[in-house]
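Note that the working numbering has the sequence shown beginning at 980, numbered continuously upward. Glycine residues also receive a C-beta, built at the ideal position from the N, C-alpha and C atoms. Everything numeric in this text was worked out from a predicted model, so none of it was measured. Each remark here refers to the structure printed beneath this line.
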Amino acid sequence: MIEFSSVEYRHPNGIIALRDIDLKIRTGEVLVIVGENGAGKTTLIKHTNGLLKPSNGKVTVFNADTKDESIANLSRKVGIIFQNPDHQIFSESVENEVKFALKNFGFKEEAISERLEWALNFFDLERYRTTSPMLLSGGEKKRLCIASVLAWDPDVVVMDEPTVGQDFIQKERLTKIIQMLVSKGKTVVIVAHDIEFIWPLQPRVIVMCGGKIIADNKAGKIFQERELLDKARIVKPQLQELSEKI
980 MIEFSSVEYR
990 HPNGIIALRD
1000 IDLKIRTGEV
1010 LVIVGENGAG
1020 KTTLIKHTNG
1030 LLKPSNGKVT
1040 VFNADTKDES
1050 IANLSRKVGI
1060 IFQNPDHQIF
1070 SESVENEVKF
1080 ALKNFGFKEE
1090 AISERLEWAL
1100 NFFDLERYRT
1110 TSPMLLSGGE
1120 KKRLCIASVL
1130 AWDPDVVVMD
1140 EPTVGQDFIQ
1150 KERLTKIIQM
1160 LVSKGKTVVI
1170 VAHDIEFIWP
1180 LQPRVIVMCG
1190 GKIIADNKAG
1200 KIFQERELLD
1210 KARIVKPQLQ
1220 ELSEKI
């Protein structure tokens, strides 16, 4: 579905952010990307819908080379939810924020109305329908960004630190959303520092360090490797720590 082949990305200032990335993201899986700040996680996911193009190597999305496709075409299939909601939100009201992409992707008015109502109600945003998104709390902005992307039903949902600003109830809701997406055959990619959140999902995990992928395995295997965790500055999940002690 999404494949990175010998990908290198060099910033305009010359700094290399990704080095020799080979990665296949498969249909219907939950893939979590972990690693310390500056490891290249966000740079990697920005390649999944063409926001960034590789300096060397190749990224294909549904067999299309991202260098040959527009961001708009790729985004219809791969929706990214940014870590900072202020980098994503721009409309004058919550309602229009959700409707914007639906209109641009050519949804009919009836479908737009149905998807808007679902998004506002499911993410507890109905009371903010006419409110400026800039007046929402950080957690509410994050929910709005997630709602806006899920409304157009992309095949791949990419979430950059989705639990930031979310309380326990919202995290539980987000877990159910991820499980629902996977049950529908969707692919979910998550960049996360919140190890306790991702652990119950038991996803495939890739570990990044210095712009490289240094490990790729199931969560249960990754979080048993103390040397690897120390190198990437990752904390072992409390549930696994407890299980090992018992």
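{"Query": "Ignore the nearest five residues each way along the sequence and tell me which others in Ser-1054's own chain have a CB closer than 7 Å to its CB.", "Result": "Asn-1028"}
{"Query": "Would you kindly report the start and end of the unbroken alpha helix (DSSP H) that includes Leu-997?", "Result": "Element bounds for Leu-997: not the alpha helix (DSSP H) but the beta strand (DSSP E), 995-1004."}
{"Query": "Taking Cβ to Cβ, would you say Ser-1034 is nearer than 8 Å to Tyr-988?", "Result": "yes"}
{"Query": "Can you say whether Met-1159 is buried or exposed, counting buried as having 16 or more other CB atoms within 10 angstroms of its CB?", "Result": "exposed"}
{"Query": "Around the Cβ of Ser-1162, are there at least 16 other Cβ atoms within 10 angstroms (buried) or fewer (exposed)?", "Result": "exposed"}
{"Query": "If we require 4 or more residues per run, which alpha helix (DSSP H) segments fall completely within the region 1173-1197?", "Result": "1174-1177"}
{"Query": "Using the Cβ count rule (16 or more neighbours within 10 Å means buried), how would you classify His-959?", "Result": "A query on residue 959 cannot be resolved here, the shown segment of the chain reaching from 980 to 1225 and no further."}
{"Query": "Whole-angstrom Cβ separation of Gln-1145 and Lys-1120, contact assumed at under 8 Å?", "Result": "Rounded, the Cβ-Cβ distance is 11 Å, inconsistent with contact."}
{"Query": "Would Trp-1178 count as contacting chain B if we go by Cβ distances under 8 Å?", "Result": "Included in the structure is just one protein chain, with no chain B present."}
{"Query": "Would Leu-1123 and Leu-1115 be called neighbours here (beta carbons separated by less than 8 Å)?", "Result": "yes"}
{"Query": "Need the endpoints of the beta strand (DSSP E) that Thr-1039 sits in, please.", "Result": "1035-1040"}
{"Query": "Does the Cβ-Cβ distance between Asp-1139 and Thr-1166 come in under 8 Å?", "Result": "no"}
{"Query": "Can you tell which of Thr-1006, Ala-1126, Ala-1018 and Phe-1079 has the C-alpha that lies nearest to the C-alpha of Ile-1000?", "Result": "Ala-1018"}
{"Query": "According to DSSP, which residues form a beta bridge with Met-1113?", "Result": "DSSP, once it has assigned bridges, lists no residue as partnering Met-1113."}
{"Query": "Between which residues of its own chain and Phe-1147 is the CB-CB distance below 7 Å, once the five residues before and five after are set aside?", "Result": "none"}
{"Query": "Alpha carbon to alpha carbon, how far is Ala-1194 from Gln-1062? Give it in angstroms, no decimals.", "Result": "23 Å"}
{"Query": "Can you tell me which residues form a DSSP beta bridge with Asp-1044?", "Result": "Thr-1039"}
{"Query": "What residue does the beta strand (DSSP E) around Asp-1209 start on, and which one ends it?", "Result": "No beta strand (DSSP E) contains Asp-1209, which is instead part of the alpha helix (DSSP H) from 1205-1211."}
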